[in-house]
Every structure is written in C-alpha cells, then in structure tokens.
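Chemist: Take this structure first; my questions come after.
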Amino acid sequence: MVKTSSAPAKAILVGEHAVVHGQPAIALPLSQLRACVEARESSQPLRVSSSYAGRPPFYWCKEDFQSTDPIKQVIALTARYFALASLQGELIIRSDIPVAGGLGSGAAVSAALARGLARLLNQEIPRDVLNSIVFEVEQLHHGAPSGIDNTVIVYEKPVYYVKDGPSDFIGISRAFTLVVADTGVSAPTRATVADVRAQLEQQPGRTYAIFEQIGALVERSRSAIESGDYRQLGRLMTRNHALLQALDVSSALLDRLVAAALRSGACGAKLSGGGRGGNMIALARPESAASVQDELRRAGAKRVFVSSVGGESIAQ
Ligand code: MEV
Numbered sequence: 582m583v584k585t586s587s588a589p590a591k592a593i594l595v596g597e598h599a600v601v602h603g604q605p606a607i608a609l610p611l612s613q614l615r616a617c618v619e620a621r622e623s624s625q626p627l628r629v630s631s632s633y634a635g636r637p638p639f640y641w642c643k644e645d646f647q648s649t650d651p652i653k654q655v656i657a658l659t660a661r662y663f664a665l666a667s668l669q670g671e672l673i674i675r676s677d678i679p680v681a682g683g684l685g686s687g688a689a690v691s692a693a694l695a696r697g698l699a700r701l702l703n704q705e706i707p708r709d710v711l712n713s714i715v716f717e718v719e720q721l722h723h724g725a726p727s728g729i730d731n732t733v734i735v736y737e738k739p740v741y742y743v744k745d746g747p748s749d750f751i752g753i754s755r756a757f758t759l760v761v762a763d764t765g766v767s768a769p770t771r772a773t774v775a776d777v778r779a780q781l782e783q784q785p786g787r788t789y790a791i792f793e794q795i796g797a798l799v800e801r802s803r804s805a806i807e808s809g810d811y812r813q814l815g816r817l818m819t820r821n822h823a824l825l826q827a828l829d830v831s832s833a834l835l836d837r838l839v840a841a842a843l844r845s846g847a848c849g850a851k852l853s854g855g856g857r858g859g860n861m862i863a864l865a866r867p868e869s870a871a872s873v874q875d876e877l878r879r880a881g882a883k884r885v886f887v888s889s890v891g892g893e894s895i896a897q
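Written as structure tokens, this is what we have:
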C-alpha cells in the first residue's frame, strides 16, 4: 500500500534576517506548493529515492545514524524517536519547491520525510517532536537558523515568530493575494545569514538600527493583517525591502522584480527569505494579480505563482 505525506512551502512576509537576531517576523505557509513523500511497505532494507536535488537512491544502513547528510539525519532522528535500529520499506521524495529559493524547500522535504517514515511505521509523529527534528536538520542546511521556517512549515499556519519565544499563530481575517516570483538564481540562506552576521560584527550600531526598524514594521504589519488593511501591509513590505537592500541581501534582479510589481499595481513587494536570489513576493489586489504576474515575467522572473493566503486557490 502507498501512503503519501507532505509539507508546504513557506514565504517570509516580513522580518527575515532581523528574526535571526531576536526581532519578530511573520511567515505564511504556501500550502498549494508542497514536498511529498510516498511510503511503500516492504520487507527489504529501507530504500530512499528522490527527484529532489538530483541525488541518487540509497539504502539506509545503521552507519547513517552518524551521517551529516540532511536526508539521512531526518531518518536517523525519526528512527531514534521511535527507538528503531533497522528500517524496511521504501520512501520516494518528490518536491515542487525550488531548491535554495527562499521558500523553505529543505525544511518542507525534512517534514514530509519524517512524516513519511512515521506512516511507514504506522505511527504518528507529534508536531512538536517533528518541529524539533526539522529544526535540528535546518542547522545543517543553514548554520544558525532562527527556527521560523520549520515552525511555519510543520504547523502550516501563519505565524508571528520570535526566536526562542512561544509561537504565536495568527488568523487572516480577510484573504489576500500574493504573487510569488522566482529569480531562478539559487542562493543558499547560510551565506546571506553569515554575511549579515559579519556586518553586525563590523558595524553593530548601524546593523542593529536596521534590525530594530524591521522589527517595528513587523509589529505594524501584524496589526495591518489583523485589521485587513492590505494597502498599509503593502507599504510596509516595500519598506522592508528597502531595509533588506540596506543589509545588502538584495540583488539587481530582485530589485528589478520589486520595481516591476509596484509599477504594475501591486500594493507592496519585497524579496522573501535569504535574498541575493531565490524568490520575491508582491501583495496584489485580486483584479491586478494577472498584470503583476505578466510584468514580473517580462522583467525576468523564471516562474511566477499566484497564491491566495487565507483562501484556497493557486495558479501558475
Ligand atoms: C530564511 O527563510 C529566513 C532567514 O531569516 C533565516 C532564518 O530566519 O533562519 C533569512
């Protein structure tokens, strides 16, 4: 029997980078874009195959408990949680989420994989346990992550997040439309997070002042979401992009896509995630989403999605 498990992509709405240094941030699940794992029972040693990141299939063996490979780590941590030393069956990973694109592909694959293994064992994995497993593996991907990506992906709810604080899930009172555009440039978050940390060491006063301005606009963004004031939310997103430019994590293409989105009627636009490549997001009125999408393609986006947040649909 085949059982499928999955986890969504995510977008950081506001607050990336500053969140690593203690400021709040808001992230949203992009539920229609997912990593999936098919689990097939068999009496053979566990075989893991993947169309993800072009890696070859492998058979799990007990030496893999010591591996620092993220996929093997997820299996090791999940097997340890269920107190199992040997595993049988087959897991097939598929993901629609671009790798190193700022949409949480690594965390989504980890979450879907741990869920898939649990289903293969006819077990349930509690969300708080899954969240800790994915966070531990995120440290291999990202070095020193804030924990926002694993939280929004595992709980699949919009979250107002402060590192080391309790997660505060927020309701979306009025659905809004996000246009998500992929630069096609892969940009590991580990590198931009390290660069921002270096700036903090070299210019602590300036860098902290930027973090604080980002934190303040995250608070105002939360109020705008709660009151359904999407014009204001859009303005705050665009302001956030300018502060990310000041942290030197934007790129010429990201800036061009942000300008194109604003020109074509978006209420606001910014890079999302680690930056220097990956994805950007634009907040659009439903009636202007199609023209924002067209303009982003013309400006050089490789792939564009429209996602309704707090609603149902996605189009590509
Ligand atoms: C990555 O999605 C968001 C960053 O703030 C890193 C993190 O929070 O771990 C850039």
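Numbering-wise, the numbering used here comes out as the position in the sequence shown, counting from 1, plus 581.
Beta carbons are placed, not taken as given, at the ideal position from N, Cα and C, and that holds for glycine.
Taking all protein chains shown into account, decide if VAL885 is buried (16 or more other Cβ within 10 angstroms of its Cβ) or exposed.
Modeler: Result: buried.
Chemist: Could you tell me if PRO651 is buried or exposed, where buried requires 16 or more neighbouring beta carbons within 10 angstroms of its beta carbon?
Modeler: Under this definition PRO651 is a buried residue.
Chemist: In whole angstroms, give me the CA-to-CA distance for ASP776 and VAL601.
Modeler: Taking the straight line from one Cα to the other gives about 12 Å.
Chemist: Which residues bound the beta strand (DSSP E) around ILE593?
Modeler: First-last of the beta strand (DSSP E) with ILE593: 583 to 595.
Chemist: Tell me whether ILE753 sits in a helix, a strand or coil according to DSSP, three-state version.
Modeler: Residue state, collapsed to three classes: coil.
Chemist: Tell me whether ASP677 sits in a helix, a strand or coil according to DSSP, three-state version.
Modeler: The answer is coil: DSSP assigns ASP677 none of H, G, I, E or B.
Chemist: Tell me the DSSP secondary structure of GLU619 in three-state form.
Modeler: Three-state result, GLU619: strand.
Chemist: Have a look at the DSSP bridge pairing and note the partners of ILE607.
Modeler: In the DSSP output, where bridge partners are listed per residue, ILE607 has VAL595 and TYR741.
Chemist: Does the pairing of the region 753 to 769 with the region 617 to 637 give three or more beta-carbon distances under 8 Å?
Modeler: No: the two stretches stay apart, fewer than three of their Cβ pairs being nearer than 8 Å.
Chemist: Using 8 Å as the cut-off, classify the Cβ of THR729 as near or not near the heavy atoms of ligand 1, replying yes or no.
Modeler: Per the sequence presented here, residue 729 reads as Ile, with Thr not at that position. Yes, Cβ of ILE729 sits closer than 8 Å to a heavy atom of ligand 1.
Chemist: Closest to ALA681 by C-alpha separation, out of GLN794, GLY752 and ARG857, would be which residue?
Modeler: Of the candidates GLN794, GLY752 and ARG857, the one whose C-alpha sits nearest the C-alpha of ALA681 is ARG857.
Chemist: Three-state secondary structure (DSSP) at PHE934?
Modeler: Because residue 934 is not part of the residues shown, which for the chain are 582 to 897, the question remains open.
Chemist: Run the CB neighbour count on GLU893, radius 10 Å, all protein chains shown included, and call it buried at 16 or more, exposed below.
Modeler: Its pLDDT being 44, under 50, GLU893 is placed unreliably by the model, and the measurement read from it follows with that caveat. Exposed, by the Cβ-count rule.
Chemist: According to the neighbour-count rule (16 or more other Cβ atoms, all chains shown, within 10 Å of its Cβ), is TYR742 buried or exposed?
Modeler: Its Cβ being crowded by 16 or more others within 10 Å, TYR742 is buried.
Chemist: Work out the CA separation of ALA725 and THR773 for me, nearest whole Å.
Modeler: So the alpha carbons of these two residues sit roughly 11 Å apart.
Chemist: Could you tell me whether any non-hydrogen atom of ligand 1 is closer than 8 Å to the CB of THR770?
Modeler: Checking the Cβ of THR770 against ligand 1 gives yes.
Chemist: At a cut-off of 8 Å, is VAL601 close to ligand 1 when judged by its beta-carbon and the heavy atoms of the ligand?
Modeler: Indeed, a heavy atom of ligand 1 lies less than 8 Å from the Cβ.
Chemist: Do you know offhand how far THR585's Cα is from ILE729's?
Modeler: For THR585 and ILE729, the distance between alpha carbons rounds to 25 Å.
Chemist: Examine ligand 1 and report whether any of its heavy atoms sits within less than 8 Å of the Cβ of HIS598.
Modeler: For ligand 1, at least one heavy atom lies less than 8 Å from the Cβ of HIS598.
Chemist: Is ALA790 helix, strand or coil when you go by DSSP?
Modeler: Of the three classes helix, strand and coil, the one that applies to ALA790 here is helix, per DSSP.
Chemist: In this structure, does DSSP put ARG884 in helix, strand or coil?
Modeler: ARG884 falls in the strand class under three-state DSSP.
Chemist: If you check the beta carbons only, do ALA588 and GLU800 fall under 9 Å apart?
Modeler: Not closer than 9 Å, so no.
Chemist: With a CB to CB cut of under 8 Å and the five nearest residues on each side skipped, what residues in its chain are close to PRO638?
Modeler: Excluding positions up to five away in sequence, the list reads ARG628, VAL629, SER630 and SER631.
Chemist: With a CB to CB cut of under 7 Å and the five nearest residues on each side skipped, what residues in its chain are close to LYS591?
Modeler: Answer for LYS591: ALA608, LEU609, PRO610, LEU611, LEU684, GLY685, ASP730, VAL733 and ILE734, listed in chain order.
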